[in-house]
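Here the protein sequences come in this chain order: A and B. Residue numbers 1 to 138, in our numbering, belong to the letters of the first sequence in order. Residue numbers 1001 to 1128, in our numbering, belong to the letters of the second sequence in order. A virtual CB, placed ideally from N, CA and C, is assigned to each residue, including glycine. Encoded as structure tokens, the structure appears first; notes follow it.
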Amino acid sequence: MAATVAGLLHELWAAHTTLEGLLPAERVFTGRVPIRTPMPYASITQPAGMASGQSNLHRYGQETWRVQVWCERYAEGEAIQRAVEDCFLNYNGPLDTGGVLCIGHDSSFSLQEEEPGRTVWQFVIQFSISIERPRADG
Amino acid sequence: MSDLVNAISGKDGSAVAGETTLEITEWTYEPSIAAPKYASNLTQGHKVAVAAVQDGSGTITCPVTASGLVLNLGEVVDLALYGPINVSLTALITSHPITVDVNDGNPTMIAYSFEPRSKPVFSAGSSS
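Quick look at the structure:
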């Protein structure tokens, strides 16, 4: 069980047979993708801040997390996008820091990018992740 | 040196129903008083209010957990509401609207409304 949201997303990715077959977890990175990584590859980032709240017993967070997939063919990217959504969407489970989270869909879109000598598709899938952790001072 | 006196946060607030400490995100209690008005030959052409009977109402907002409803409609319960000001009273639960947020997936909250069944007692609470 992962301690962080990013770690959990990597674990879920590696455990999803379809997604792992389309884009192996070893080509999924938190943050910047190393140069010369073969396509397709993906990056996991947290682009937006966190909304939070609390009760007398728990803290609640709402975080946006983004998966960006780069590939050479649109159909390939579309299949990966569907598999990413199937892998993460509606997951509801624990973090080993004592919290629980659930993952909801935020938005998805694709872009066509020009790189020297080739055209690349970028697929962006955003998730809204709710996190609940016990209050340390509760 | 500043003479600023810090306001007291509500972050350490809590609520106890009977013997059970509830998980809450907020409680409110709004005391009120009926204030009927009259005008006489001595009130200078203006109505004046008279303090009549006291009343009040409040809410306790709780995140929904596997326990489900923690208070029930029509239930009479002894409430102890803690915060910078404490309130204790016997209360009648009068409503608990539920909104389930499928779109954004926010934690589901229930705001239990109550009416007093006893005169509330106010006391100084936590100072942090």
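- Look at the segment 45-62 of chain A: the residues with a C-beta under 8 Å from a C-beta of chain B are G53, Q54, S55, N56, L57, H58, Y60 and Q62.
- Here S1088 of chain B is actually not in contact with G1056 of chain B; their C-beta atoms are around 12 Å apart, not less than 8 Å.
- Chain B places a beta carbon closer than 8 Å to that of S130 of chain A, counting this residue as a contact.
- For the 8 Å CB-CB criterion, T1059 of chain B and S1113 of chain B form a contact.
- Non-local C-beta neighbours of S43 of chain A in its own chain, meaning closer than 6 Å and more than five positions away in sequence, comprise F29, V33 and Q68, ordered along the chain.
- Cβ proximity to chain B below 8 Å picks out C102 from the segment 89-103 of chain A.
- Residue contact check for E1023 of chain B against chain A: a CB pair falls below 8 Å.
- Contact note: S1067 of chain B does not reach chain A at a C-beta cutoff of 7 Å; the least C-beta distance is about 12 Å.
- Non-local beta-carbon contacts of G61 of chain A in its own chain, meaning distances under 6 Å to residues more than five positions away in sequence, involve M50, S52 and I131 in chain order.
- In the DSSP annotation of this structure, the continuous segment of the alpha helix (DSSP H) that includes T18 of chain A starts and ends at T17 to L22.
- In terms of Cβ geometry, G93 of chain A and V84 of chain A do not form a close pair [threshold 8 Å].
- Taking 8 Å as the cut-off, the Cβ atoms of I1110 of chain B and I1093 of chain B do not count as close.
- By the CB criterion at 8 Å, W121 of chain A and R73 of chain A fall inside the cutoff.
- For G1125 of chain B, no CB of chain A lies under 8 Å from its own CB, so it is not counted at the interface with that chain.
- Contact of S1009 of chain B with chain A is not assigned, every C-beta pair being separated by 8 Å or more.
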